[in-house]
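Numbering (this note's numbering), first residue to last: 50 to 407. Cβ atoms here follow ideal geometry from the backbone N, Cα and C, with glycine treated the same way. Accompanying notes for the structure given below.
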């Protein structure tokens with residue numbers, strides 16, 4: 050990064066001190082404040098020396114002076130450099146194992162008794178909002194690639210059946226079906242057994258395609274079974290039932306105190322309420338294959354109304370497969386180390402949360 054190459058070790062220490070002070074207080078930081086700090090490379094520096102270094106940092110686009118204040122605040126570029134410093138170097142501070150014991154205990158206790166992917170994701174958004182004082186966001190992976198775990202049919206009345214389809218992600222779909230012809234309890238059992246024995250572990254869309262292929266090919270007694278299976282499956286998982294990624298959002302009220310411009314705040318809240326917009330945003334930046342937490346400062350490239358906000362997110366896995374994305378959206382002034390480690394911890398132990406007995 051060009052900025053990092055031009056910044057000296059002393060300037061980096063001063064910039065880090067400014068960022069940490071600004072995160073704690075929310076107030077512009079003056080040279081006198083930094084000179085008094087007894088840590089890092091800034092020990093023993095006079096206010097005049099610090100002031101000169103801050104001027105250099107401002108010229109490099111890493112500090113800016115709000116209004117007529119004598120102090121300076123970090124720019125987005127400065128925060129980006131700060132995050133890179135946290136994540137890299139000889140002793141990186143971003144690691145799920147570095148999350149405080151208190152935070153780990155708080156997270157673990159929050160998930161006690163919570164079962165299923167959807168429930169875990171919903172609780173995740175609340176936990177992250179609480180830990181970060183930002184907006185906790187969690188989205189489930191797209192359902193079209195989900196795998197069939199079990200299906201069950203129950204006869205409610207003539208030509209009316211309750212279908213329950215369970216996928217491996219923990220999603221349960223139950224739907225009352227109005228059939229074209231009545232099916233007996235025995236026929237429903239045979240159809241369910243056929244699906245469970247032949248298609249367990251298949252994606253729901255692949256099941257549809259394979260049943261259609263078999264129906265087209267078979268012209269025998271087997272055909273009647275396939276016709277019943279097809280009628281049940283098509284109605285239980287309609288083709289027009291477009292898979293929608295479930296989105297959980299918590300902590301939107303946390304942004305109220307972080308945005309001075311009321312019109313900007315209204316735009317941000319509107320965007321957060323548009324769940325599909327959040328899905329597009331997270332899918333644009335978070336790759337299910339990535340192994341670590343990612344911090345994104347340029348949200349306005351995908352969503353102009355998100356300008357000034359930061360996304361910290363990571364894919365959540367179960368059994369090696371992505372089951373969704375968890376993260377936090379908040380102002381640039383947030384506790385990056387704690388939030389990044391919390392997101393990383395939850396993403397990494399997602400599998401254990403779903404299978405606590407293992």
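Tell me the rounded alpha-carbon separation between residue i and residue j.
i           : j           : result
residue 56  : residue 127 : 11 Å
residue 217 : residue 125 : 41 Å
residue 129 : residue 113 : 15 Å
residue 198 : residue 285 : 14 Å
residue 343 : residue 396 : 12 Å
residue 227 : residue 248 : 23 Å
residue 165 : residue 253 : 18 Å
residue 273 : residue 316 : 56 Å
residue 149 : residue 382 : 20 Å
residue 260 : residue 326 : 35 Å
residue 358 : residue 346 : 7 Å
residue 263 : residue 275 : 7 Å
residue 90  : residue 354 : With a pLDDT of 48 at residue 90, under the threshold of 50, the predicted position of this residue should be treated as unreliable, and no value is reported.
residue 256 : residue 109 : 58 Å
residue 153 : residue 391 : 8 Å
residue 163 : residue 200 : 23 Å
residue 58  : residue 322 : 43 Å
residue 24  : residue 73  : As shown, the chain starts at 50 and ends at 407. That puts residue 24 outside it, with no answer to give.
residue 349 : residue 385 : 20 Å
residue 151 : residue 179 : 13 Å
residue 291 : residue 206 : Legend: pLDDT at residue 291 = 45, less than 50; position of this residue unreliable, no value from coordinates given.
residue 229 : residue 266 : 22 Å
residue 66  : residue 83  : 7 Å
residue 155 : residue 161 : 10 Å
residue 96  : residue 105 : 14 Å
residue 398 : residue 169 : 11 Å
residue 305 : residue 314 : 7 Å
residue 85  : residue 75  : 18 Å
residue 167 : residue 283 : 24 Å
residue 100 : residue 157 : 45 Å
Among residues of its own chain, excluding the 5 on either side of residue i, which ones have a beta-carbon nearer than 8 Å to its beta-carbon?
i           : result
residue 141 : 135
residue 246 : none
residue 77  : 71, 114, 115, 118, 119, 120, 121 and 122
residue 234 : 204
residue 393 : 143, 144, 145, 148, 341, 342 and 363
residue 240 : 202, 232, 274, 277, 278 and 281
Quick one, which of the options has its alpha-carbon nearest residue i's?
i           : options               : result
residue 231 : 137, 202, 252 and 215 : 202
residue 102 : 63, 156 and 278       : 63
residue 132 : 80, 68 and 157        : 68
residue 340 : 275, 323, 329 and 366 : 366
residue 379 : 318, 398 and 150      : 318
residue 301 : 177, 110 and 349      : 177
residue 278 : 351, 242 and 154      : 242
residue 60  : 390, 111 and 85       : 111
residue 281 : 209, 100 and 169      : 209
residue 94  : 81, 105 and 104       : 81
residue 244 : 213, 96 and 85        : 213
To which residues of the same chain is residue i closer than 6 Å at the C-beta, ignoring the five residues directly before and after it?
i           : result
residue 388 : 181, 361 and 377
residue 171 : 297
residue 374 : 188, 331, 335, 362 and 364
residue 221 : 215
residue 107 : none
residue 88  : Its pLDDT being 44, under 50, residue 88 is placed unreliably in this model, and the coordinates cannot settle the point.
residue 98  : none
residue 356 : 349
residue 225 : 211
Who are the Cβ neighbours of residue i in its own chain at under 7 Å, not counting the five residues just before and after it?
i           : result
residue 174 : 185, 186, 187, 297, 298 and 299
residue 352 : 320, 326 and 330
residue 333 : 351
residue 196 : 216, 217, 250, 251 and 252
residue 159 : 172 and 176
residue 324 : 296
residue 258 : none
Taking the DSSP output, what are the residues bridged to residue i?
i           : result
residue 373 : 189 and 365
residue 196 : 252
residue 258 : According to DSSP, which records beta bridges pairwise, residue 258 is partnered with nothing at all.
residue 216 : 197
residue 209 : 206 and 227
residue 358 : 380
residue 112 : 123
residue 222 : 214
Report the CB separation of residue i from residue j in whole angstroms; it is logged as a contact under 8 Å.
i           : j           : result
residue 223 : residue 237 : Incorrect: roughly 15 Å between the Cβ atoms, too far for contact.
residue 137 : residue 303 : Between residue 303 and residue 137 the Cβ distance is about 29 Å, and since that is not below 8 Å, they are no contact.
Tell me whether residue i, by its Cβ, gets closer than 7 Å to a heavy atom of the ligand MN.
i          : result
residue 75 : This structure simply doesn't include the ligand MN, nor any ligand for that matter.
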